[in-house]
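Visitor: Once you've had a glance at the structure underneath, I'll fire off some questions.
Numbering (the numbering used here), first residue to last: 408 to 699.
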């Protein structure tokens, strides 16, 4: 490649990938749509491959575009980090972070502790909702960042993959009941849908005995031995027991956990700094030990 990549073009490219639209990306990067289109033509000329395929009014990444997206995010992040390293001004301001309450319990203590030590003057507002609601809030500009389960909606940057597990109480066996009692999150919930679909496909009878949008309430029903639930591996708590095929439970899919950013608010040093802490914490957090 004879010429280097243009950082401004890469920022526009990432904005299109995250919004799924040249028009929305133009608003996000404060350019005209024609300027955005010109930038993408020049970017494709530089790498020698198309990066987007038009689908009506939307734009989808090609395979080469997917490859470029990871590099582009890293290049932009490194550029911003380099500038910040020579900026002696301490960050101050506010940032709005969303997360489901079960992720808040598991991931937020480390994320917030590390971020606060590095940026003591930044105020972090946390909103706890289910992933689909958080994605919509972020897309609407009501949140700057959100930690979510990848539901196939929005431009989620997947950071962590874990198995989704059937979980029961260590001291009870509700899985032995002829009609399996379940404690699940209220819809819409990807884990709920995966659990019910897998049981239906395997022919296992079940009933939703308890449901809540609160992870503590779901966990309480499981710990009391009243029901079985489906949880990501990092959400396991003391006193919980993982169930498998030997217990008559069907396989569950993997769970993808990631970060989604608002394209309605221009990227800032505060948002980027918090995103880096989230990515680092999710990538390195240790898993709890399941009860035998």
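Backbone N, C-alpha and C define an ideal beta-carbon position, used for all residues, glycine too.
1) Roughly how far, in whole angstroms, is the beta-carbon of residue 458 from the beta-carbon of residue 471, given that I think they are within contact range, below 8 Å?
2) Run through the DSSP bridge pairs and tell me what residue 556 is partnered with.
3) Starting from the N-terminal side, write out each stretch of the alpha helix (DSSP H) that is 4 residues or longer and does not extend beyond the stretch 561-632.
4) Quick check on residue 668: buried or exposed, where buried means 16 or more other Cβ atoms within 10 Å of its Cβ?
5) Answer yes or no: do residue 659 and residue 628 have a C-beta to C-beta separation smaller than 7 Å?
6) Have a look at the DSSP bridge pairing and note the partners of residue 461.
7) Check the DSSP bridge columns for residue 656 and list the partner residues they point to.
8) Report yes if the C-beta distance between residue 663 and residue 568 is below 7 Å; otherwise report no.
9) Count the CB pairs spanning the stretch 516-523 and the stretch 673-684 that are closer than 8 Å, and state whether there are at least three.
10) Report the residue from 656, 412 and 526 whose alpha carbon sits nearest the alpha carbon of residue 608.
11) With contact counted as at least three CB pairs below 8 Å, one residue from each stretch, are the stretch 545-563 and the stretch 616-635 in contact?
12) How would you label residue 385, buried or exposed, when you count the other beta carbons within 10 angstroms and need 16 or more for buried?
13) Would you list the one or two residues that DSSP bridges to residue 531?
14) Compute the Euclidean distance between the alpha carbons of residue 615 and residue 599, then round it to the nearest angstrom.
15) Mind the definition here: the stretch 438-449 touches the stretch 471-485 only if three or more C-beta pairs lie below 8 Å; say whether that holds.
16) Would you mind reading off the limits of the alpha helix (DSSP H) that contains residue 545?
17) Under three-state DSSP, which class holds residue 435?
18) Out of 538, 649, 571 and 481, point me to the one whose CA is closest to residue 349's CA.
19) Taking only three categories from DSSP, how would you classify residue 648?
20) Nearest-angstrom Cα distance between residue 452 and residue 565?
21) Would you kindly report the start and end of the unbroken alpha helix (DSSP H) that includes residue 515?
Guide: On the basis of the supplied data:
1) 6 Å
2) 664
3) 597-609 and 622-630
4) buried
5) no
6) 466
7) Partner(s): none; residue 656 has no beta bridge.
8) yes
9) The stretch 516-523 vs the stretch 673-684: in contact.
10) 656
11) no
12) Given a span of 408 to 699 for the chain in the structure shown, any question on residue 385 remains unanswerable.
13) 502
14) 10 Å
15) no
16) 538-546
17) helix
18) Outside the displayed range of the chain (408 to 699) lies residue 349, so it cannot be described from this structure.
19) strand
20) So the alpha carbons of these two residues sit roughly 28 Å apart.
21) Per DSSP, the unbroken alpha helix (DSSP H) holding residue 515 starts and ends at 508-525.
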